[in-house]
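A.B. asks: Mapping the sequence shown onto numbering that gives the first Met the number 0, position 48 (from 1) lands on 47, and the numbers just tick up by one.
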Amino acid sequence: MIIRKSNVTDEGFQLFVKPVNNWWNALDRGTPPEKVTILENGLKKIRAAKK
């Protein structure tokens, strides 16, 4: 799958900058893919920073 910057919102892009990489690293360490806490917390931080 290819995701282009033009296909996501600014929040979506910021999510890929760090939280998605951290989530992939957690998957590599054996975290189940269903555990999306890293992504949820990352999105909360992004949204809080916009206020």
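Ideal placement from N, C-alpha and C gives every residue a C-beta, glycine not left out.
Could you spell out where the alpha helix (DSSP H) holding arginine 46 opens and where it closes?
C.D. replies: Looking up residue 46 in the sequence shown gives position 47. Its alpha helix (DSSP H) spans residues 36-49.
A.B. asks: Can you tell me the Cβ-Cβ gap for leucine 42 and glutamate 10, rounded? I've got them flagged as a contact below 8 Å.
C.D. replies: By one-based count along the sequence shown, residue 42 stands at place 43. By one-based count along the sequence shown, residue 10 stands at place 11. Their Cβ separation, rounded to whole angstroms, is 7 Å, which keeps leucine 42 and glutamate 10 in contact under 8 Å.
A.B. asks: On the three-state DSSP scale, how would you describe lysine 17?
C.D. replies: The residue given as residue 17 occupies position 18 in the sequence shown. Coil at lysine 17, not helix or strand.
A.B. asks: Near valine 7, which residues of its chain fall below 7 Å by C-beta distance, leaving aside the five closest residues on each side in sequence?
C.D. replies: Position 8 of the sequence shown, counting from 1, holds the residue named residue 7. Around valine 7: no qualifying Cβ.
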